[in-house]
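Asks: Provided herewith is a single structure, encoded as structure tokens, for subsequent inquiry.
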Amino acid sequence: MPPRVYLETSLVSYAVGRRSRDLITLANQELTREWWETERQNYELFISELVLREVEVGDPDMAQRRLVLLASLPLLSIPEEAELLAPVLLRVAGLSENAATDALHMALAAVHGMQYLLTWNCKHIANAVTRRAVERQCSAAGYDPPVICTPQELMAR
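All residue numbers for the sequence shown refer to our numbering, where the first residue is 28 and numbers rise by one.
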């Protein structure tokens with residue numbers, strides 16, 4: 028069985044977004060598109076109801092492109108266990124309340140038994156401090172923590 032990957036909203040936005048003028052963001056967009064084309068078939072991909080809500084926001088044309096990309100992916104519910112774990116993750120990771128949805132993404136990946144959480148949100152999710160705190164807390168709560176990473180880290184090459 029292929030590893031299970033939770034796709035956080037930033038990954039979807041990078042996959043279909045307009046080309047950025049910022050060189051780093053542009054490089055990350057290209058890496059995301061390359062990962063989508065060459066690597067995704069090696070994994071079982073999942074999104075959540077939260078991801079769907081987030082991708083529907085914004086420019087209608089871009090929202091439609093994001094929804095098309097996700098149309099065939101299994102949809103994870105938001106169980107009470109994830110809603111209870113999210114504020115704990117927010118606290119132990121030292122994140123502010125404006126990162127509550129980011130904590131919920133991490134909780135969803137853990138509660139649903141994902142091996143990986145794929146994201147470009149390096150401020151609140153994919154950074155060394157947050158990862159360590161989230162891993163410890165998920166383990167303490169009885170969940171196997173997902174490996175939080177960017178597409179670049181999840182490429183076979």
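Ideal placement from N, C-alpha and C gives every residue a C-beta, glycine not left out.
From a predicted model like this one, the values you see are computed outputs, not experimental measurements.
Going along the chain, which residues of its own chain have a beta-carbon closer than 6 Å to the beta-carbon of Ala136, five neighbours each way excluded?
Replies: Around Ala136: Tyr33, Leu144 and Pro173.
Asks: Might you give, ordered along the chain, the residues of its own chain that have their beta carbon closer than 8 Å to the beta carbon of Leu38, omitting 5 neighbours on each side?
Replies: Around Leu38: Thr59, Leu145, Thr146, Trp147 and Pro178.
Asks: Exposed or buried, Met133, counting other C-beta atoms within 10 Å across all chains shown (16 or more means buried)?
Replies: By the neighbour-count rule (16 or more Cβ atoms within 10 Å), Met133 is buried.
Asks: For the region 97 to 163, which segments carrying the alpha helix (DSSP H) assignment without a break, of at least 4 residues, lie completely within its bounds, in sequence order?
Replies: DSSP runs (the alpha helix (DSSP H)) wholly in the region 97 to 163: 107 to 119 and 127 to 138.
Asks: Tell me, to the nearest whole angstrom, how far the beta carbon of Phe73 is from that of Met141; I am working on the premise that it is less than 8 Å.
Replies: So it is a contact: roughly 7 Å between Cβ atoms.
Asks: Who are the Cβ neighbours of Met182 in its own chain at under 7 Å, not counting the five residues just before and after it?
Replies: Answer for Met182: Trp62 and Glu66, listed in chain order.
Asks: Determine the direct distance from the alpha carbon of Ala126 to that of Asp49, and round the result to whole angstroms.
Replies: When rounded, the distance between both Cα atoms is 24 Å.
Asks: What residue range is occupied by the uninterrupted beta strand (DSSP E) comprising Tyr70?
Replies: Unbroken run through Tyr70: none, as it is neither H nor E.
Asks: From which residue to which residue does the alpha helix (DSSP H) around Leu181 run?
Replies: From DSSP, Leu181 is part of no alpha helix (DSSP H); its letter is neither H nor E.
Asks: Have a look at the DSSP bridge pairing and note the partners of Ser75.
Replies: Beta-bridge pairing links Ser75 to Leu103.
Asks: Looking at the strands, I want to know which residues DSSP matches up with Leu34.
Replies: DSSP, once it has assigned bridges, lists Leu145 as partnering Leu34.
Asks: Go ahead and label Gln68 buried or exposed: buried means 16 or more other beta carbons lie within 10 angstroms of its beta carbon, across all protein chains shown.
Replies: With fewer than 16 Cβ atoms within 10 Å of its Cβ, Gln68 is classed as exposed.
Asks: Have a look at Tyr70, Ser75, Leu77 and Met89 and flag the residue whose alpha-carbon is nearest the alpha-carbon of Arg45.
Replies: Comparing Cα positions, the closest option is Met89.
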